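For reference, the structure is listed below as structure tokens.
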Amino acid sequence: MNEVVVLGVGMHPFGRYDHLSLQDLSRAAIWAAVSDANIDPRLLDIAYVANCYHGFFTGQLDAIAPIAVKYSGITGLPLVHVMGGSGSGSVAFHEAVLAVGSGEYSIALAVGVEKLYVPGDPARSISAIQTSGEQSVATALGLTWIGDLAMSARRLMTKYGWTQEDFALVAEKNRHNGALNPLAEIQEPLTMEEILSARVVAYPLTRPMCSSAAVDGAAAAIVCARETAESVLRVANGAAIRVAGMSLQGAKYISNRTEDVRPGMLSMNEAPAAFAAAYGKAGVGPEDVELAFVHDAIAPEELLSYQVLGLCAPGDEPRLLRSGATRISGRVPVNTDGGLLARGHPIAATALAQIHEAVLQLRGRAGRRQAYPRDNRPPRVAALQNAGAQGGPGGGVAVSSGLILVT
Amino acid sequence: VTSRLVAEGLFERVDMDSNAAVLLVSRCSRCDEVVFPRMQDCPNCVGQDTMRPDRVSGRGRLQDFVIAQRGPTGFRTPYIQAYVKLDSGLVIYGNVEGVEVDESAIAPGLRVEMRVGVIRRVDDVDVVGWTFRPIEGPE
Numbered sequence: 001m002n003e004v005v006v007l008g009v010g011m012h013p014f015g016r017y018d019h020l021s022l023q024d025l026s027r028a029a030i031w032a033a034v035s036d037a038n039i040d041p042r043l044l045d046i047a048y049v050a051n052c053y054h055g056f057f058t059g060q061l062d063a064i065a066p067i068a069v070k071y072s073g074i075t076g077l078p079l080v081h082v083m084g085g086s087g088s089g090s091v092a093f094h095e096a097v098l099a100v101g102s103g104e105y106s107i108a109l110a111v112g113v114e115k116l117y118v119p120g121d122p123a124r125s126i127s128a129i130q131t132s133g134e135q136s137v138a139t140a141l142g143l144t145w146i147g148d149l150a151m152s153a154r155r156l157m158t159k160y161g162w163t164q165e166d167f168a169l170v171a172e173k174n175r176h177n178g179a180l181n182p183l184a185e186i187q188e189p190l191t192m193e194e195i196l197s198a199r200v201v202a203y204p205l206t207r208p209m210c211s212s213a214a215v216d217g218a219a220a221a222i223v224c225a226r227e228t229a230e231s232v233l234r235v236a237n238g239a240a241i242r243v244a245g246m247s248l249q250g251a252k253y254i255s256n257r258t259e260d261v262r263p264g265m266l267s268m269n270e271a272p273a274a275f276a277a278a279y280g281k282a283g284v285g286p287e288d289v290e291l292a293f294v295h296d297a298i299a300p301e302e303l304l305s306y307q308v309l310g311l312c313a314p315g316d317e318p319r320l321l322r323s324g325a326t327r328i329s330g331r332v333p334v335n336t337d338g339g340l341l342a343r344g345h346p347i348a349a350t351a352l353a354q355i356h357e358a359v360l361q362l363r364g365r366a367g368r369r370q371a372y373p374r375d376n377r378p379p380r381v382a383a384l385q386n387a388g389a390q391g392g393p394g395g396g397v398a399v400s401s402g403l404i405l406v407t
Numbered sequence: 408v409t410s411r412l413v414a415e416g417l418f419e420r421v422d423m424d425s426n427a428a429v430l431l432v433s434r435c436s437r438c439d440e441v442v443f444p445r446m447q448d449c450p451n452c453v454g455q456d457t458m459r460p461d462r463v464s465g466r467g468r469l470q471d472f473v474i475a476q477r478g479p480t481g482f483r484t485p486y487i488q489a490y491v492k493l494d495s496g497l498v499i500y501g502n503v504e505g506v507e508v509d510e511s512a513i514a515p516g517l518r519v520e521m522r523v524g525v526i527r528r529v530d531d532v533d534v535v536g537w538t539f540r541p542i543e544g545p546e
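If you're matching them up, the sequences are chains A and B in order.
Under the working numbering, the letters of the first sequence match residues 1 to 407, in that order.
Under the working numbering, the letters of the second sequence match residues 408 to 546, in that order.
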């Protein structure tokens with residue numbers, strides 16, 4: 001594998017855009033990434049498009065990739081559609097990295113785009129995201145993502161002594177960060193009191209502790225081999241952000257005779273394996289991580305991610321959180337863009353939005369959100385965690401991603 | 408109003424009065440793993456064509472539950488979502504009915520039984536699946 005770098009990133013702000021189409025959102029993110037990469041877009045020679053629900057809402061089950069890309073005016077390249085629930089963006093990015101890392105392609109685009117907001121019908125958005133879990137059994141019977149996650153959270157409260165206040169503090173932190181992010185779905189900060197007294201979605205989760213299914217958005221990244229960047233595109237030596245390590249893992253079947261059939265939380269169960277591999281490839285460890293993005297579809301997932309990424313010992317998550325270490329001002333800021341809770345979670349766009357923010361932070365160009373975790377300089381090593389799509393015997397996720405980006 | 412099954416081959420009603428049901432599962436002839444829904448190949452020992460059709464009791468104990476205030480189209484909210492550990496060890500999903508929708512009304516360990524019934528109505532079609540209801544304690 002050639003060493004791969006991120007040439008550029010772009011986003012369409014996350015939010016509710018009744019008047020915009022799928023291609024309106026994707027073309028904006030694509031051109032933002034092209035502009036950021038400062039390349040002629042005709043140099044792109046393959047594109048991977050992550051999208052989960054265009055077919056659900058429109059009946060347009062295939063040809064998603066050409067719709068998402070060609071209305072940007074960029075044509076003449078292979079266009080590949082990928083799906084993997086909330087992990088779709090990681091799948092697209094992983095494919096793009098493999099395409100240029102292998103040397104088969106020169107410059108690859110990964111774009112994630114989703115339109116989920118249905119005016120006046122939140123149940124329809126929930127029904128759409130339900131299709132990222134196998135339909136025949138649990139979801140058809142009434143299980144929702146939020147319900148499943150809330151049940152896991154309740155088990156982990158018993159196991160580790162986590163409290164609803166701990167979850168509120170995650171939400172308070174991420175809402176604070178989102179308020180500094182003009183691309184975030186939600187830009188209003190909330191106090192602990194407001195979060196704890198908000199409407200209960202599924203106890204212990206109040207509304208601000210849950211990401212919303214009703215959100216639209218797009219995010220994109222352009223990657224190439226480091227050598228291409230330096231020799232063909234004349235990017236200054238070492239100026240581009242490096243993809244130091246990436247690993248996708250999938251859930252292994254766990255026997256019914258195992259005592260704890262549902263070990264942790266859906267999005268995190270395979271993350272330790274993904275990060276063991278990603279840290280190994282990158283030649284770094286948890287102690288080197290100066291910035292992290294994690295899959296906080298609900299606030300307790302961020303808490304669990306602290307142990308999963310090795311940022312603290314199991315059970316010490318609330319202490320790490322309360323110490324302020326994971327705030328923008330801390331030594332290992334987590335979800336500086338507001339995370340899924342505030343930046344938003346338009347499913348297939350999410351992982352590419354994480355990459356977008358990580359790249360800005362590593363470059364030192366995150367504006368009011370810029371973190372200086374150590375020695376008064378921008379972070380050098382970022383860890384990004386994401387996962388999605390559930391089904392088959394034993395449940396579990398189809399893809400769990402660990403990604404290390406370094407300057 | 409017409410009705411349809413949530414999917415074919417998942418369960419069988421065994422008591423027409425109570426609507427109690429058994430779950431249609433597969434059991435591995437090589438490692439004895441029980442899986443649901445039915446499949447040919449074993450995900451535990453990764454055996455090809457080792458699974459045989461079997462049925463297991465729909466009785467078990469509440470493992471995890473949560474009260475959902477919102478649900479997908481057609482579900483009456485709020486409702487209780489739950490994972491139940493069946494007596495065979497299989498953990499399966501079902502909504503809990505027959506108790507007050509209140510945190511203090513139920514707790515993990517509650518003895519429950521699977522009952523066939525309408526779980527939601529979508530576009531004038533009743534979808535038939537199962538829910539769990541509390542039962543008195545014979546083990």
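We put the beta carbon where it would ideally sit given N, CA and C, even for glycine.
In this text, all values refer to a predicted model and were calculated from it rather than measured experimentally.
Would you kindly work out how many angstroms separate the C-alpha atoms of residue 521(B) and residue 364(A), rounded to a whole number? Here residue 521(B) is taken as the residue at index 114 of the second sequence, counted from 1. Here residue 364(A) is taken as the residue at index 364 of the first sequence, counted from 1. In a straight line, the C-alpha of residue 521(B) is about 57 Å away from that of residue 364(A).
Which chain D residues are close to residue 440(B), counting only those with a beta carbon under 8 Å from its beta carbon? Among the protein chains of the structure shown, namely A and B, there is no chain D.
Below 6 Å CB to CB, which residues in the same chain sit around residue 418(A) once its five sequence neighbours on both sides are set aside? Missing from the structure shown is residue 418(A); chain A here goes from 1 to 407 and no further.
First and last residue of the alpha helix (DSSP H) that includes residue 317(A)? Within the first sequence, residue 317(A) is the residue found at index 317, counting from 1. Looking at the DSSP string, the run of the alpha helix (DSSP H) that includes residue 317(A) is 317 to 322.
If you measure beta-carbon to beta-carbon, which residues of the segment 467 to 479 of chain B are closer than 9 Å to chain A? 470, 471, 472, 473, 474, 475, 476, 477, 478, 479
Interface positions of the segment 149 to 166 of chain A facing chain B (Cβ-Cβ less than 7 Å), listed along the chain: 150, 151, 154, 155
CB of residue 101(A) within 8 Å of CB of residue 265(A), strictly: Residue numbering aside, residue 101(A) sits at position 101 when the first sequence is read from its first letter. Residue numbering aside, residue 265(A) sits at position 265 when the first sequence is read from its first letter. No, these two residues do not count as a Cβ contact at 8 Å.
Determine whether the Cβ of residue 455(B) lies closer than 8 Å to any Cβ atom of chain A. Looking up residue 455(B) in the second sequence gives position 48. Not an interface residue.
For the beta strand (DSSP E) that residue 411(B) lies in, which residues bound it at each end? By 1-based counting over the second sequence, the position of residue 411(B) is 4. Note, residue 411(B): beta strand (DSSP E), 409 to 412.
State whether the segment 290 to 298 of chain A contacts the segment 365 to 381 of chain A, with contact taken as three or more CB pairs (one from each stretch) at a distance under 8 Å. yes
Classification of residue 307(A) by the beta-carbon crowding that lies within 10 angstroms, buried from 16 upward: As a working mapping, residue 307(A) is identified with position 307 in the first sequence. The residue in question, residue 307(A), is buried, as its Cβ has 16 or more Cβ neighbours within 10 Å.
What are the residues in the segment 112 to 131 of chain A lying within 8 Å of chain B by C-beta distance? 122, 123, 124, 126, 127, 130
8 Å is my cut-off, CB to CB: does residue 141(A) come that close to chain B? Mapped onto the first sequence, residue 141(A) falls at position 141. Residue 141(A) counts as touching chain B.
Anticipated Cβ contact below 8 Å, residue 405(A) with residue 6(A), distance rounded: Start at 1 with the first residue of the first sequence, and residue 405(A) comes out as number 405. Start at 1 with the first residue of the first sequence, and residue 6(A) comes out as number 6. That pair is a contact at about 7 Å.
CA nearest to the CA of residue 26(A), picked from 77(A), 349(A), 401(A), 360(A): Numbered from its first residue, the first sequence carries residue 26(A) at position 26. Relative to residue 26(A), the option among 77(A), 349(A), 401(A), 360(A) whose CA is nearest is 349(A).
Near residue 400(A), what residues of its chain come up, given a Cβ to Cβ distance below 6 Å and the 5 sequence neighbours on each side ignored? Residue 400(A) sits at position 400 when you count from the first residue of the first sequence. Only 249, 270, 271, 274, 387 meet the Cβ criterion.
Residue 455(B) - DSSP class collapsed to helix/strand/coil: Position 48 of the second sequence, counted from the first residue, corresponds to residue 455(B). In the structure shown, residue 455(B) sits in coil (DSSP, three-state: anything other than H, G, I, E or B).
Hey, which unbroken runs of the beta strand (DSSP E) at 3 residues or more fall wholly within the segment 463 to 501 of chain B? 466 to 475, 486 to 493
With a threshold of 8 Å between beta-carbons, can residue 414(B) be considered close to chain A, or not? As a first step, residue 414(B) must be located in the second sequence, where it is residue number 7. Yes, its Cβ sits closer than 8 Å to a Cβ of chain A.
So residue 393(A) contacts chain B; which residues on that side make the cut at Cβ distance below 7 Å? Numbered from 1 along the first sequence, position 393 holds the residue referred to as residue 393(A). Chain B residues near residue 393(A): 442, 446, 450.
Residues bridged to residue 418(B) (per DSSP): By one-based count along the second sequence, residue 418(B) stands at place 11. Paired residues: 430(B).
Between 157(A), 207(A), 86(A), 320(A), which lies nearest to residue 132(A) when the distance is taken from Cα to Cα? In the first sequence, residue 132(A) corresponds to position 132, counting from 1. Here the closest residue by C-alpha is 86(A).
Residue nearest to residue 523(B) in terms of C-alpha spacing, selected from 455(B), 543(B), 430(B): The count along the second sequence starts at 1 and reaches residue 523(B) at position 116. Residue 430(B) is the option with its Cα nearest to residue 523(B).
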